[in-house]
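Position in the sequence shown (from 1) plus 1153 gives the number in our numbering. Even glycine gets a Cβ: it sits at the ideal position worked out from N, Cα and C. Have a look at the structure below before the remarks.
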Amino acid sequence: MLVKQVLGCGFAVLFSMLSFNITAQISEAERLVDEQLQAYTQRDLEGFLRHFSDKVKVYDDLSRYNVTEKETMRKNYKLWFESVDLLECKIINRISAGNTIVDYEEVRYRKVGGEITELKAIAIYRISNNKISEVSFLRPEF
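Here it is in structure tokens:
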């Protein structure tokens, strides 16, 4: 009887560990967003851009187009990466639902020769064909 109880506990522990690992796996969409974020903070332009579709749409405050294709994005982010000597982005919270990822982020940057600026932003990513096809940025005012 004791052997059954011990084995039963062992299976329960093993099952709970397997269940945790299954739910802890990140989706392909999350992996894609994480990789572009890592390239962004490293100011790796090509590594950053390879995660976006050629016809990516980038919105500010959900309504205004900022960028409508990858080549425009390349020009804008090249200038941005060259203008900062510190760039950090930390995910505070994330909601993942299928092909949509919503990140609440804390961003710190310093323009060359300037002071550190900190801000919080919400980024909403939509994934199509294993590429980021849309991203919207919201900058809440507190």
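For D1213, three-class secondary structure by DSSP:
Counted from its first residue, the sequence shown places residue 1213 at position 60. Here D1213 sits in strand by DSSP.
Compute the beta-carbon to beta-carbon distance between K1210 and E1258, rounded to the nearest angstrom, for a pair I have assumed lies under 8 Å.
Taking the first residue of the sequence shown as 1, we reach residue 1210 at position 57. Taking the first residue of the sequence shown as 1, we reach residue 1258 at position 105. Not really, about 19 Å apart at Cβ, beyond 8 Å.
Looking at the structure shown, is R1203 part of a helix, part of a strand, or coil, going by DSSP?
As a first step, residue 1203 is located in the sequence shown; it is residue number 50 there, counting from the start. Assigned with DSSP and collapsed to three states, R1203 falls in coil, not helix or strand.
Can you round the beta-carbon distance between Y1278 and I1269 to whole angstroms, since I take them to be within the 8 Å contact cut?
As a working note, residue 1278 is residue 125 in the sequence shown. As a working note, residue 1269 is residue 116 in the sequence shown. The beta-carbon separation of Y1278 and I1269, rounded to 26 Å, does not stay under the 8 Å limit for a contact.
Exposed unless 16 or more other CB atoms sit within 10 angstroms - verdict on Q1178
Here residue 1178 corresponds to residue number 25 of the sequence shown, with the count starting at 1. Exposed: under 16 other Cβ atoms inside 10 Å.
Measuring alpha carbon to alpha carbon, tell me which of G1251, K1243, L1190, Q1195 ends up nearest V1260.
For the purposes of this step, residue 1260 is taken as residue 107 along the sequence shown, with counting starting at 1. Nearest option by C-alpha distance: K1243.
Unbroken beta strand (DSSP E) runs of length 3 or more, entirely within the segment 1222 to 1262: which are they?
Entirely contained in the segment 1222 to 1262, the beta strand (DSSP E) runs reaching 3 residues are, in chain order, 1237 to 1250.
Going by beta carbon distance, what residues of the same chain come within less than 8 Å of K1223, once the five residues before and after it are set aside?
Here residue 1223 corresponds to residue number 70 of the sequence shown, with the count starting at 1. Excluding positions up to five away in sequence, the list reads L1202, F1205, S1206, D1207, K1208, V1209.
L1291 vs I1280 beta-carbon contact at 7 Å
The sequence position of residue 1291 within the sequence shown is 138, counting from 1. The sequence position of residue 1280 within the sequence shown is 127, counting from 1. In this structure, L1291 keeps its C-beta atom at 7 Å or more from the C-beta atom of I1280.
Taking the beta carbon of D1256 as the centre, do at least 16 other beta carbons fall within 10 Å, making it buried, or is it exposed?
Taking the sequence shown and counting its residues from 1, the one referred to as residue 1256 is at position 103. Burial call: buried.
Would L1272 pass as a contact of F1234 if the rule is Cβ separation under 7 Å?
If you number the sequence shown from 1, residue 1272 lands on position 119. If you number the sequence shown from 1, residue 1234 lands on position 81. No.
Are the beta-carbon atoms belonging to A1182 and N1252 less than 7 Å from one another?
For the purposes of this step, residue 1182 is identified with residue 29 of the sequence shown, where counting begins at 1. For the purposes of this step, residue 1252 is identified with residue 99 of the sequence shown, where counting begins at 1. Contact flag set, yes.
Going straight from the alpha carbon of N1246 to that of N1283, what length do you get?
As a first step, residue 1246 is located in the sequence shown; it is residue number 93 there, counting from the start. As a first step, residue 1283 is located in the sequence shown; it is residue number 130 there, counting from the start. Rounded to the nearest angstrom, the two C-alpha atoms are 22 Å apart.
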